[in-house]
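K.L.:
Pasting a structure below so you can have a look.
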DNA sequence: TATAGTACTATACTAAAGTATAGTGCATGG
DNA sequence: CCATGCACTATACTTTAGTATAGTACTATA
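Chains as they are written, first to last, in the numbering used here: chain V, 57 to 186; chain Y, 57 to 186.
The structure is reproduced here in structure tokens:
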């Protein structure tokens, strides 16, 4: 039995490593939302601002830089009179699709769950969430 | 074309909402790692500490409370001489499995990608990550 | 008797994430 | 000529996340 738990621990560690690698790159409130916005195609700075409700210019600017450094986003400058800049996903960041889909599905499930729980104990009014 | 972008914007928003719901619940450096640890079965406080490398007692204690409030973790007290406490996943948090798997797979992929990029420009030595 | 384990909490702190507000330079539209 | 849009940057700030260290009350073990 002692042996089994140690084996479990090893398994757990090897499962955790790549999960944490992902979390390191995708951390924070905004990176995934920005990527979701860009899954709908190349966009400009202000377009992303409009999609990702509540983000400030400063944050968007910073997060785009981070994502570019990590090879998830490409920045293209189109010269013209008002210089235009577009952002788009790299093939690599397109592989995040399954991550995003699973988060999206879970989000839907979780909200449904909260509603159900809410109905059960209607009076208590707890919603929790965070 | 104007119409199409507005339609896209609506689509994007409705995709983003549940993704952000998930992120709100799973935010931070530790929640998913803790859940991963518990996917291997009921565990005690110190066992989780050992699995989730680097977490402090304070953080673990706080995050477990958060997760319990959100209905993702159950705390059981087994009375005995040294009082023992165990934590386990709820059926609801077991539905996070696909989220975790996708993050894990992407983490593996991303690390592979970094290594490849590193080989290409061997001299430059950039690894970036964060 | 001393040490270590169990499941934490308390206090104090630093660092990182995020917000608020304003400003820049250039161009077009009314 | 004034306002607005574009793609940002700068400054200053607050909030949250996370770290470090210590301590508690109890028990079992050496």
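Each residue gets a CB set at the ideal place from its N, CA and C atoms; glycine is no exception.
#1: Taking Cβ positions, are residue 107 of chain Y and residue 69 of chain V nearer each other than 8 Å?
#2: Contact criterion: CB-CB distance below 8 Å. Does residue 101 of chain Y meet it with respect to chain V?
#3: Between residue 132 of chain Y and chain V, is there a C-beta pair that is closer than 8 Å?
#4: DSSP state of residue 85 of chain Y, grouped into three classes?
#5: Assuming residue 105 of chain V and residue 111 of chain V form a contact by the criterion Cβ under 8 Å, report the distance between their Cβ atoms to the nearest whole angstrom.
#6: Nearest CA to the CA of residue 149 of chain V: which residue from V:67, V:81, V:72?
#7: Hey, is residue 112 of chain Y's beta-carbon within less than 8 Å of any beta-carbon in chain V?
#8: Closer than 9 Å between beta carbons: that is the criterion. Which residues of the stretch 62-85 of chain V meet it against chain Y?
#9: Could you tell me the alpha carbon to alpha carbon distance between residue 172 of chain V and residue 166 of chain V, rounded to whole angstroms?
#10: Once you ignore the five residues that flank residue 134 of chain Y on each side, which residues in its own chain have a CB closer than 6 Å to its CB?
#11: Under a three-way DSSP split, which group does residue 129 of chain V fall into?
#12: For residue 93 of chain V, which residues in chain Y fall below 7 Å Cβ to Cβ?
#13: In this structure, does DSSP put residue 75 of chain V in helix, strand or coil?
#14: Where residue 136 of chain Y and residue 71 of chain Y are concerned, what is the direct C-alpha to C-alpha distance, given to the nearest angstrom?
P.N.:
This is what the structure holds:
#1: Yes, the Cβ-Cβ distance between residue 107 of chain Y and residue 69 of chain V is below 8 Å.
#2: The beta-carbon of residue 101 of chain Y is placed no less than 8 Å from the nearest beta-carbon of chain V.
#3: Not one beta carbon of chain V lies nearer than 8 Å to the beta carbon of residue 132 of chain Y.
#4: In the structure shown, residue 85 of chain Y sits in coil (DSSP, three-state: anything other than H, G, I, E or B).
#5: Rounded, the Cβ-Cβ distance is 6 Å, consistent with contact.
#6: Residue 149 of chain V has its Cα closest to that of V:81, out of V:67, V:81, V:72.
#7: Not one chain V Cβ lies under 8 Å of residue 112 of chain Y.
#8: Cβ contacts with chain Y come from 64, 65, 67, 68, 69, 71, 72, 73, 74, 75, 76, 77, 78, 79, 80, 81, 82, 83, 84, 85.
#9: Distance between the alpha carbons of residue 172 of chain V and residue 166 of chain V: 10 Å.
#10: Correct list, in chain order: 140.
#11: The answer is strand: DSSP assigns residue 129 of chain V an E or B state.
#12: The contacting residues are 68.
#13: Reduced to three states, the DSSP call for residue 75 of chain V is helix.
#14: For the pair residue 136 of chain Y and residue 71 of chain Y, the Cα-to-Cα distance works out to about 49 Å.
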